[in-house]
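Peer 1: Mind looking over this structure? Questions follow.
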Amino acid sequence: MSKPVKIGPWGGDGGEPRDIEYTPLALVRVAIRSGDAINAIGFTYVDTSGNLHEEEWGGSEGEKFEELLLQELEYVLEISGTYGSPPESYATSLELVTNKGRTIRGGSAGSGGSFNVPLVSARIIGFFGAAGTTYIDSFGMYAGFAA
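Numbers 1443 to 1589, taken from the numbering used here, label the letters of the sequence shown in order.
This is the structure:
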């Protein structure tokens, strides 16, 4: 794969910046905790050296928890979501779709803006953004393109 490309972020400008430390190669797991908004996201990725890294961002609130363990030859190829209007411009919904048609989603539609990024010759291999102690304030992704 060629060097990953950052796409986004979407949402507000609150929270502490969050990013991954190592160059991602593939996602292994994605988890979303939500209520009326996205409270937390967790994911596990493999870096270009073959090492696993786990990230958990956001708060512990939110009554709904969904987790997607990616199967062999499965990858995330589409992301969409919504975010609120200022001053509540944090992520309000998030959905990820895999090449095998499996979906993980959380939150509820916001009144601010929306985004939808379907990938054709690439896959989602990591995330970045900003998070506070209650919500995911902004959300972006790393896309990996086949060499």
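Idealized CB from N, CA, C, for every residue including glycine.
1) How should ASN1481 be labelled, buried or exposed, when 16 other C-beta atoms within 10 angstroms of its C-beta is the threshold for buried?
2) In three-state terms, what does DSSP make of ARG1490?
3) Give the C-beta separation of LEU1512 and LEU1469 to the nearest angstrom, bearing in mind that I take them to be a contact with Cβ-Cβ under 8 Å.
4) Between TYR1525 and GLY1454, how many whole angstroms is the CB-CB distance? I'm expecting something under 8 Å.
5) With burial defined as no fewer than 16 other Cβ atoms inside 10 Å of the residue's Cβ, what is the status of SER1444: buried or exposed?
6) If distances are taken between C-alpha atoms only, which option among PRO1528, GLU1505, GLU1509 comes closest to SER1553?
Peer 2: Reading off the structure:
1) buried
2) One point to set straight first is that residue 1490 is Thr, not Arg, in the sequence displayed. Reduced to three states, the DSSP call for THR1490 is coil.
3) 6 Å
4) 7 Å
5) exposed
6) PRO1528
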